[in-house]
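Residue numbers for the sequence shown follow the numbering used here, beginning at 24 and rising by one.
We put the CB at the ideal spot given by N, CA and C, even for glycine.
Okay, so here's the structure we're looking at.
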Amino acid sequence: MAQNAPEQPSSLWRAYDEIFKSAKYIDLTHAFSPTQAVWPGFGKARFRPAVAGKDIEGYVKAGDAFTYERHGFVATAYELPTDQYGTQLDPPAHWEPMGATISDIPATYAIRPLVVIDISGKVAGKADYHLQVADVEEWEARHGRIPEGAVVMVRSDWSKKWDDPEAFGAKAFPGVSLDALKFLHGERKILFHGHEPLDTDTTPTLEGEYWLMHNHYAQAEGVANLDQVPEAGALVVIGFAKPLGGTGGYARYVAIAPSDWPHGVSIDEMPGAPLPMQKNPLKRDEHGVMRPTAP
24 MAQNAPEQPS
34 SLWRAYDEIF
44 KSAKYIDLTH
54 AFSPTQAVWP
64 GFGKARFRPA
74 VAGKDIEGYV
84 KAGDAFTYER
94 HGFVATAYEL
104 PTDQYGTQLD
114 PPAHWEPMGA
124 TISDIPATYA
134 IRPLVVIDIS
144 GKVAGKADYH
154 LQVADVEEWE
164 ARHGRIPEGA
174 VVMVRSDWSK
184 KWDDPEAFGA
194 KAFPGVSLDA
204 LKFLHGERKI
214 LFHGHEPLDT
224 DTTPTLEGEY
234 WLMHNHYAQA
244 EGVANLDQVP
254 EAGALVVIGF
264 AKPLGGTGGY
274 ARYVAIAPSD
284 WPHGVSIDEM
294 PGAPLPMQKN
304 PLKRDEHGVM
314 RPTAP
């Protein structure tokens, strides 16, 4: 006699099947590279083939680079000048000696309501426009009160300059005012905010970032594709590297929008297993990056 499967009234698998499988997923993350924009005080990353650290008889000698042809695989070594590189999650330890490091960030950061406040129109007229409390209040007049514990991303469309490091790194860039940060954290109790440039504001002392870090709040920097995400009603999934005691985090942010949203892809459309093949074989370019390369 067959046994019935046990009931799982609190299972999240139903939510996956009914909501998340058909939802739209939008990547909010730049791929980091050796040629991207970075704060001038840091150098740029270097990518190179990983080499053997010791001899393995009959297989590889110390110092040899691993190749598909000789060893069956390749690997890449990354020389990263800073953990403040590309799309990132800044923990308080970046500025505060008593602050949480990236390895202290709790697992509860993993998924949150996503709020997107659009200031791109104002930035188009004034490159160094900073989010104001009035912009937050305007968003709430349209969408309702910001949920407690939400992640608030500030859309400026500055990320569209990413492939032009000189333009992206201009001295005049959009930011977030200190008053807006205090309002979002103090009055709306958000988890953290995010912005598209690599700094919070253009003040001489970076007053917004100073206030955040010394009050033990995190922030996201270098976020992309906020123009493809609804202003309200979406979620954000957050992943980040976890170096012990890290003062910054290489992050991956993915927005999850309702199934009828026009941007993004669903799991049905892109299941991920197996992954698609490259159009041409992978070879290293002049910067050491593995890219599909025509014969």
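Where residue i and residue j are concerned, what is the direct C-alpha to C-alpha distance, given to the nearest angstrom?
| i | j | result |
| --- | --- | --- |
| aspartate 106 | serine 143 | 28 Å |
| asparagine 248 | glycine 287 | 10 Å |
| tyrosine 82 | threonine 99 | 18 Å |
| glycine 192 | valine 252 | 24 Å |
| methionine 24 | serine 33 | For methionine 24, the predicted model reports a pLDDT of 48, less than 50, meaning its position is unreliable; a value from the coordinates is still stated below. Distance between the alpha carbons of methionine 24 and serine 33: 27 Å. |
| glutamate 80 | tyrosine 91 | 18 Å |
| valine 139 | valine 174 | 9 Å |
| tryptophan 118 | histidine 237 | 7 Å |
| proline 114 | glycine 64 | 19 Å |
| alanine 243 | glycine 262 | 12 Å |
| aspartate 151 | glycine 198 | 7 Å |
| proline 188 | arginine 37 | 44 Å |
| leucine 235 | alanine 75 | 43 Å |
| glycine 268 | alanine 317 | 42 Å |
Relative to the alpha-carbon of residue i, which residue among the options has its alpha-carbon at the smallest distance?
| i | options | result |
| --- | --- | --- |
| alanine 259 | Val246, Gly268, Pro266, Glu161 | Checking the sequence, you will find valine at residue 259 rather than alanine. Cα-wise, what sits closest to valine 259 is Val246. |
| methionine 300 | Leu204, Asp308, Ser45, Pro315 | Pro315 |
| isoleucine 169 | Asp87, Tyr132, Val159 | Val159 |
| phenylalanine 89 | Pro104, Leu35, Leu103, Arg71 | Arg71 |
Let me check one thing: in DSSP terms, what residues is residue i bridge-paired to?
| i | result |
| --- | --- |
| isoleucine 125 | None, per the DSSP bridge assignment. |
| valine 138 | Val175 |
| glutamine 111 | Glu244, Tyr273 |
| aspartate 50 | Val277 |
| valine 260 | Ile134, Val277 |
| lysine 306 | Arg314 |
| leucine 154 | Val199 |
* Asked: Counting pairs of beta carbons, one from the segment 106–118 and one from the segment 270–285, are three or more of them closer than 8 Å?
  -> yes
* To do: Give, in chain order, every unbroken run of the alpha helix (DSSP H) that is at least 4 residues long and sits entirely within the segment 158–220.
  => 188–191, 201–209
* To do: Run through the segment 60–92 for me and flag every whole beta strand (DSSP E) of 3 or more residues, listed as ranges in chain order.
  => 69–72
* Asked: Can you list, in chain order, the stretches of the alpha helix (DSSP H) that have 4 or more residues and sit fully within the segment 222–247?
  -> 230–237
* Touching by the beta-carbon criterion (3+ pairs, under 8 Å), the segment 219–226 and the segment 83–95 -> no
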